[in-house]
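Chains as they are written, first to last, in our numbering: chain D, -11 to 71; chain L, -11 to 71. Okay, structure first, notes after.
2 protein chains.
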Amino acid sequence: MIVQVIGYLAAALTTLCQIPQALRIMKTHHTKDISLTTYTVLGLGIFLWVIYGIYVNDVVIILANVATFIVVFYIWVLKIKFG
Amino acid sequence: MIVQVIGYLAAALTTLCQIPQALRIMKTHHTKDISLTTYTVLGLGIFLWVIYGIYVNDVVIILANVATFIVVFYIWVLKIKFG
């Protein structure tokens, strides 16, 4: 029981944490200090977590990583745009 | 078999991806565009993944997240330092 709560909380935090970064970039239009490699590899990794979730048929892994992927991909696009 | 490979690859990418960000900051000493909230929440989330891994006794979850936590905590310290 407590294990599931910790797991869901961990998934929620690592999913939601990218939102403030996206909001910051939307506000400042500055991405110079952000590593493109980090967001490229992170995006690929999260995409693989989605594939993994589909393979093991785990809805939580799928949903958490699809949500994170959308935000990370958006930050990646902003990084490409603003340089 | 292929499922495990995808899982390990996903874990490796989401673990290693923070290293280029740390290296970039070590080089430039600039962290202005990086969201402190993102790295605070990410650090907490990864810490909870370690606790989760200990509860479910999964060495891969523990090791991957301890490694990620070290790098993310280091980026967090640099963000505090450079502002």
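Using N, Cα and C, we set each Cβ at its ideal position, and we do this for glycine too. The model shown is predicted, which means the values in this text are computed figures rather than measured ones.
- Among the CB atoms of chain L, one or more fall inside 8 Å of the CB of L1(D).
- At a cut-off of 8 Å between beta carbons, V(-9)(L) contacts chain D.
- According to the DSSP assignment, V44(L) belongs to no alpha helix (DSSP H), since it is labelled neither H nor E.
- Closest in C-alpha terms to L24(D), from the list A52(L), V29(L), I13(L) and P8(L), comes P8(L).
- The way I'd put it, the segment 35 to 48 of chain D doesn't touch the segment 22 to 37 of chain L; fewer than three beta-carbon pairs between them come closer than 8 Å.
- When DSSP states are grouped into helix, strand and coil, M14(L) belongs to the helix group.
- Ranked by Cα distance from K67(L), the options D46(L), N45(L), I13(L) and V47(L) are led by I13(L).
- The DSSP-derived three-state label of I34(D) is helix.
- Contact holds between the segment 55 to 63 of chain D and the segment -5 to 7 of chain D, because three or more Cβ pairs, one in each stretch, are under 8 Å apart.
- Using a Cβ distance threshold of 8 Å, D21(L) and I22(D) count as a contacting pair.
- When DSSP states are grouped into helix, strand and coil, G(-5)(D) belongs to the helix group.
- Under the 10 Å beta carbon count, N45(D) is surrounded by fewer than 16 other beta carbons and is classified as exposed.
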